[in-house]
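Peer 1:
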Amino acid sequence: MRHLSLLALLASTAVLAACSGETGDPVEPVAPDTAVEAADETTTDVAEVPAGPDLTVLAEVINADWRASSQDRDSSRHPQETLEFFEIDPSGTIVEIWPGGGWYADILAPWIHANGGQYVAAHFDAESGSENRRRSRAAFEAHVANAEIYGDVQIVDFNSDTALALEAGSVDTILTFRNIHNWMSRGYAERAFADFHTALAPGGTLGVVEHRLPSTREQDPGASSGYVQQAYVIALAEEAGFELVGASEINANPADTADHPMGVWTLPPVRRSPAADSEQAADFDRAAYDAIGESDRMTLLFRKPAASE
Numbered sequence: 296m297r298h299l300s301l302l303a304l305l306a307s308t309a310v311l312a313a314c315s316g317e318t319g320d321p322v323e324p325v326a327p328d329t330a331v332e333a334a335d336e337t338t339t340d341v342a343e344v345p346a347g348p349d350l351t352v353l354a355e356v357i358n359a360d361w362r363a364s365s366q367d368r369d370s371s372r373h374p375q376e377t378l379e380f381f382e383i384d385p386s387g388t389i390v391e392i393w394p395g396g397g398w399y400a401d402i403l404a405p406w407i408h409a410n411g412g413q414y415v416a417a418h419f420d421a422e423s424g425s426e427n428r429r430r431s432r433a434a435f436e437a438h439v440a441n442a443e444i445y446g447d448v449q450i451v452d453f454n455s456d457t458a459l460a461l462e463a464g465s466v467d468t469i470l471t472f473r474n475i476h477n478w479m480s481r482g483y484a485e486r487a488f489a490d491f492h493t494a495l496a497p498g499g500t501l502g503v504v505e506h507r508l509p510s511t512r513e514q515d516p517g518a519s520s521g522y523v524q525q526a527y528v529i530a531l532a533e534e535a536g537f538e539l540v541g542a543s544e545i546n547a548n549p550a551d552t553a554d555h556p557m558g559v560w561t562l563p564p565v566r567r568s569p570a571a572d573s574e575q576a577a578d579f580d581r582a583a584y585d586a587i588g589e590s591d592r593m594t595l596l597f598r599k600p601a602a603s604e
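Whatever position you read off the sequence shown (first residue = 1), add 295 for my numbering.
1) Pull the bridge partners of residue 250 from the DSSP assignment, please.
2) Pick out whichever of 479, 372, 415 has its Cα sitting closest to the Cα of residue 524.
3) By the DSSP assignment, the alpha helix (DSSP H) with residue 375 in it spans what residues?
4) What is the DSSP secondary structure of residue 567, reduced to helix, strand or coil?
5) Can you have a look at residue 516 and say buried or exposed, based on whether 16 or more other CB atoms are within 10 angstroms of its CB?
6) Our contact map puts residue 573 next to residue 581 with C-beta atoms below 8 Å; I'd like the distance itself, whole angstroms only.
7) What residue ranges within the stretch 489–537 form continuous beta strand (DSSP E) runs of no fewer than 3 residues, ordered along the chain?
8) Could you tell me the distance, in whole angstroms, from the CA atom of residue 490 to the CA atom of residue 578?
9) Which stretch, first to last residue, makes up the beta strand (DSSP E) that contains residue 414?
10) In the DSSP assignment, find the beta strand (DSSP E) that holds residue 545 and state where it starts and stops.
11) Would residue 559 and residue 506 be called neighbours here (beta carbons separated by less than 8 Å)?
12) Residue 539: buried (16+ other C-beta within 10 angstroms of its C-beta) or exposed?
13) Pair every Cβ in the stretch 396–408 with every Cβ in the stretch 434–453, then say whether three or more of these pairs are closer than 8 Å.
14) If contacts are defined as beta-carbon pairs under 8 Å, then residue 499 and residue 599 qualify, I think. What distance do you get, rounded to the angstrom?
15) Give a yes or no on contact between the stretch 381–398 and the stretch 416–432, applying the rule of three or more CB pairs nearer than 8 Å.
16) In angstroms, rounded to a whole number, what distance separates the CA positions of residue 557 and residue 411?
17) Going by DSSP, what residue range makes up the beta strand (DSSP E) through residue 452?
18) Identify which residue in 444, 457, 409, 397 has its Cα closest to the Cα of residue 284.
19) Helix, strand or coil: which one does DSSP assign to residue 321?
20) Say whether the stretch 533–549 touches the stretch 585–598, bearing in mind that this needs 3 or more beta-carbon pairs closer than 8 Å, one atom from each stretch.
21) Which of the three DSSP states is assigned to residue 592 in this structure?
22) Less than 6 Å between C-beta atoms, sequence neighbours within five positions excluded: which residues of the same chain meet that for residue 470?
23) Less than 8 Å between the C-beta atoms of residue 591 and residue 542, yes or no?
24) Less than 8 Å between the C-beta atoms of residue 472 and residue 399, yes or no?
25) According to DSSP, is residue 539 part of a helix, a strand, or is it coil?
26) Starting from residue 579 and walking both ways along the alpha helix (DSSP H), at which residues does that stretch end?
27) Less than 8 Å between the CB atoms is what I'm expecting for residue 520 and residue 483, so what's the real figure, rounded?
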């Protein structure tokens with residue numbers, strides 16, 4: 296019975312698819328004798344050291360120096376608006392699922408640490424049979440090793456064959472950015488949402504960002520294009536026991552049709568292109584796909600009902 300609403304949703308979408316960065320004033324030169332007097336008068340002064348960013352403030356973390364190489368994507372990912380929409384309390388325990396190279400961890404971990412909370416990364420198993428996954432985990436561990444910035448980052452396993460390794464009811468917020476299609480392709484999306492529901496405390500929240508497939512297009516259960524219907528994600532969450540709090544268009548991109556030869560990976564930042572000697576290469580216009588920008592994305596907030604509800 297758990298699968299009926301998802302199957303019904305897939306069936307209905309199949310029908311729809313068929314039918315349808317100031318300078319000040321210049322300083323006047325000082326005469327030599329005046330300069331000596333000025334120096335004598337100021338030798339006892341202590342120069343003020345510029346204060347660093349206040350890491351308790353989200354905006355200051357987003358603009359911090361360690362993010363210099365990542366900030367060019369802020370205009371596409373809207374981290375300030377997205378995290379504000381998710382109503383995160385940075386003094387709590389916040390889990391990021393599959394943080395990749397650490398784009399969001401560079402914001403979340405310092406901010407949460409400065410506010411007295413705990414950032415947890417649910418990453419690939421360090422002993423995974425996949426060399427790529429082992430390297431990804433090791434690279435992330437090295438990336439967040441500076442405790443002065445990131446705090447004491449906790450890393451747990453989460454894979455297709457490993458349930459989310461966290462105590463039931465111990466988490467305040469779980470966040471996942473552009474991952475659901477991966478779980479669908481491996482057949483454990485439903486289990487993932489169930490794991491999240493178990494780990495969250497009553498009243499805890501789940502924030503989701505995912506590439507969005509138009510509702511008029513047929514949903515591939517394996518999400519081979521990387522796109523997922525918003526209604527499908529909502530159904531996954533609701534079947535796990537979540538309630539939808541709200542949806543935002545913060546990360547929407549109307550220029551994205553979700554119809555690309557290499558799926559969502561055709562678009563920036565991946566920019567996958569057909570092989571030069573393939574038939575697809577003849578009519579492939581790289582500039583046209585770059586002009587679209589990053590994908591159209593849903594931004595959803597769910598809540599695990601409080602115990603009294």
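In this text, a Cβ means the ideal position worked out from N, Cα and C, and glycines have one as well.
Peer 2: In short, the structure shows the following:
1) Because the chain spans 296 through 604 in this model, residue 250 falls outside it and cannot be assessed.
2) The shortest Cα separation from residue 524 among 479, 372, 415 belongs to 479.
3) Its alpha helix (DSSP H) spans residues 374–380.
4) Note: residue 567 maps to coil in three-state DSSP.
5) Counting Cβ neighbours within 10 Å, residue 516 comes out exposed, since fewer than 16 surround it.
6) About 14 Å; that fails the 8 Å criterion.
7) For the stretch 489–537, the continuous beta strand (DSSP E) assignments of 3+ residues that do not extend past its boundaries occur at 495–508, in sequence order.
8) Rounded to the nearest whole angstrom, the CA to CA distance from residue 490 to residue 578 is 44 Å.
9) Per DSSP, residue 414 belongs to the beta strand (DSSP E) from 413–418.
10) For residue 545, there is no enclosing beta strand (DSSP E), as DSSP gives it neither H nor E.
11) Taking 8 Å as the Cβ cut-off, residue 559 and residue 506 qualify as a contacting pair.
12) Around the Cβ of residue 539, a 10 Å sphere holds fewer than 16 other Cβ atoms; the residue is exposed.
13) Contact holds between the stretch 396–408 and the stretch 434–453, because three or more Cβ pairs, one in each stretch, are under 8 Å apart.
14) Residue 499 to residue 599, Cβ: 5 Å. Contact.
15) Yes, the stretch 381–398 is in contact with the stretch 416–432.
16) Taking the straight line joining both Cα atoms gives about 43 Å.
17) Note, residue 452: beta strand (DSSP E), 449–452.
18) A query on residue 284 cannot be resolved here, the shown segment of the chain reaching from 296 to 604 and no further.
19) Because the pLDDT at residue 321 is just 40, under 50, the model does not fix this residue reliably, and the point stays unresolved.
20) With a cut-off of 8 Å, the stretch 585–598 and the stretch 533–549 count as touching, because enough Cβ pairs lie within range.
21) Reduced to three states, the DSSP call for residue 592 is strand.
22) Residues of the same chain with a CB within less than 6 Å of the CB of residue 470, apart from the 5 flanking positions on each side, are 391, 502 in chain order.
23) No, these two residues do not count as a Cβ contact at 8 Å.
24) Remark: C-beta atoms of residue 472 and residue 399 approach each other more closely than 8 Å.
25) Shown here, residue 539 sits in a strand according to DSSP, grouped into three states.
26) Note, residue 579: premise wrong, no alpha helix (DSSP H); not H, not E.
27) Approximately 19 Å separates the beta-carbon atoms of residue 520 and residue 483; this is outside 8 Å, ruling out the contact.
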